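So the sequence shown is residues 1 to 123, counted in full-length UniProt numbering.
For every residue, glycine included, the Cβ atom is placed at its ideal position computed from N, Cα and C.
Please read these numbers as outputs of a predicted model, since none were measured by experiment.
Down below is the structure, laid out as structure tokens.
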Amino acid sequence: MRRLLSFLKVFRYDLIVLLMAIRHRDTPGRIKGILAAAILYLVSPVDIIPDAVPLAGVVDDAVIVPAVIYGLTNMLPSHVRRYAETRADQATRYMPVVLIAASLFVLVWLGLIVYGLWRLLFA
1 MRRLLSFLKV FRYDLIVLLM AIRHRDTPGR IKGILAAAIL YLVSPVDIIP DAVPLAGVVD
61 DAVIVPAVIY GLTNMLPSHV RRYAETRADQ ATRYMPVVLI AASLFVLVWL GLIVYGLWRL
121 LFA
């Protein structure tokens, strides 16, 4: 379990580094293109193994996308990577506050939706 949590922390950090690096003007276009293709693959209904296949359909996404993120992070030029890591360190410092605020926002919206449906159905 600890190995999984360690992997998820590294994956989250690499993803944030990559997202910060995309904004840098010296990031190669091929890295941006491969990242766009990986995101499209993740949300696309067309997969190597269809999502309808129990467990195996999700596992291919769970293996391919982190591998692409890891590879792209290692392909970054050194000065872009240093810039992105600095920005990622700054961003992760405020991550708990952002997650709490986002959670509250979602809860308020869900409450409003439930209230609206309740009024619509039972009033």
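Of the listed residues the options, nearest to residue i (C-alpha basis)
i   : options            : result
N74 : A36, M1, F11       : F11
L4  : A56, P66, A52      : P66
M95 : F7, S6, I16        : I16
A62 : Y13, A38, R119     : A38
T24 : Y83, A102, T92, K9 : Looking at the sequence itself, residue 24 is His, so the reference to Thr does not match. For the residues Y83, A102, T92, K9, the minimum Cα distance to H24 belongs to Y83.
L87 : L8, D14, K9, R2    : It is worth fixing the name first, because residue 87 is Arg in this sequence and not Leu. The shortest Cα separation from R87 among L8, D14, K9, R2 belongs to D14.
G57 : V68, I69, S44      : S44
DSSP-derived helix/strand/coil call for residue i
i   : result
M75 : helix
S6  : helix
Cα-Cα separation between residue i and residue j, rounded to whole angstroms
i    : j    : result
W118 : L112 : 10 Å
V114 : I100 : 21 Å
T27  : E85  : 14 Å
Enclosing alpha helix (DSSP H) for residue i [first to last residue]
i    : result
V108 : 95-122
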